[in-house]
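Student: Numbered according to our numbering, the sequence shown spans residues 356 to 591. Ideal placement from N, C-alpha and C gives every residue a C-beta, glycine not left out.
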Amino acid sequence: MRSILDQRKTIWNPDEPDKRNAVDMPLVIALDNGFIGGATSIRGIMSFIAGREYLDAEDAQIEWYHRLYIARKECMKALSRDIHAEVYDCRKGVLSNNYAADPLDFDYEILPDEADSIKVRIENDRLLLLSLLKVGAFILLEREDSYQLRPHPKWDAIRKDPRLQSCKSCLHPENGGKVCPVYNEDIWPENGKWCGSYTFLENQNNMADKKEYIEIAKAYDIDELIEAVGQEWNLK
């Protein structure tokens, strides 16, 4: 079985400028420090902004706390770009961005009109990634045959019937569909309903052809993508 680290790779690291790897994985992220990474999964992309330890998270609750930390940090960084953002989970509402010593102290000015705030959503990985695109945290690209973040009729069908999202119809499982290399564990075929890394590809017979990459924030209305993913989440 492949290593859990095989779902991600460094394409270019500014600390090692002479080393470059091919751009061929379905997802590519460019961070604000110049680092470029590629991944086969949403979770793999998340590990570039949360650290490789994200891949070792043992359950959904630990992943949630990782996302909370990332969101708080990026909201603070967004403020330096004159963007007001707040951490949000539809199950809990707005969560404090507070980094002050006293939990009752505000560590930056809160805008009086909340309509001017961008919600950085942390319910799952896809919502966080899309939210962070809104505040300009990084650049994210997806290969033209991949639809992990981009819209597709299959996602429309899943919104109507969430049972269609299952491990047996996901691209990732190996060993006859029994092992998930994203989470490095055995699976049951009917699992996957809550998985943030569920994925499929189109035109897999043409994998040898060179594929173009699409910059998500430029090609799509991010609010519409967030709304669609949020609908899927609320239905499950």
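1. Going by beta-carbon coordinates alone, are Met380 and Thr395 separated by less than 8 Å?
2. To the nearest angstrom, how far is it from the Cα of Lys447 to the Cα of Ile404?
3. Decide if Gln416 is buried, meaning its Cβ has at least 16 other Cβ atoms within 10 Å, or exposed.
4. In angstroms, rounded to a whole number, what distance separates the CA positions of Leu382 and Leu504?
5. Secondary structure at Glu490, three-state DSSP: helix, strand or coil?
6. Quick check: the Cα distance between Glu408 and His421, rounded to an integer number of angstroms?
7. Which runs of the beta strand (DSSP E) spanning at least 3 residues fall entirely within the segment 412-452, listed in chain order?
8. Helix, strand or coil: how does DSSP classify Arg481 here?
9. Assuming Ala574 is part of the alpha helix (DSSP H), what are its boundary residues?
10. Name the residue from Leu485, Arg398, Thr554, Lys533 whose alpha carbon lies nearest to the alpha carbon of Glu429.
11. Can you tell which of Ile571, Val537, Pro544 has its C-alpha closest to the C-alpha of Glu413?
12. Following the continuous beta strand (DSSP E) through Arg476, name the residue where it begins and the one where it ends.
13. For a test of the three-state rule: what should DSSP assign to Tyr568, helix, strand or coil?
14. Measure the alpha-carbon distance for Arg357 versus Asn539 and round it to whole angstroms.
15. Run the CB neighbour count on Lys586, radius 10 Å, all protein chains shown included, and call it buried at 16 or more, exposed below.
16. So for Arg623, helix, strand or coil by DSSP?
Tutor: The answer reads as follows:
1. yes
2. 23 Å
3. exposed
4. 9 Å
5. The residue you asked about is not Glu; residue 490 is Val in the sequence shown. Reduced to three states, the DSSP call for Val490 is coil.
6. When rounded, the distance between both Cα atoms is 9 Å.
7. List check, beta strand (DSSP E) in window: 440-444, 448-450.
8. Three-state result, Arg481: helix.
9. 571-574
10. Cα-wise, what sits closest to Glu429 is Leu485.
11. That would be Val537, whose Cα lies nearest to the Cα of Glu413.
12. 473-476
13. strand
14. Distance from the CA of Arg357 to the CA of Asn539, rounded to the nearest whole angstrom, comes to 8 Å.
15. The question names Lys, but residue 586 is Gln in the sequence shown. By the neighbour-count rule (16 or more Cβ atoms within 10 Å), Gln586 is not buried but exposed.
16. Because the chain is modelled from 356 through 591, residue 623 falls outside the range shown and cannot be assessed.
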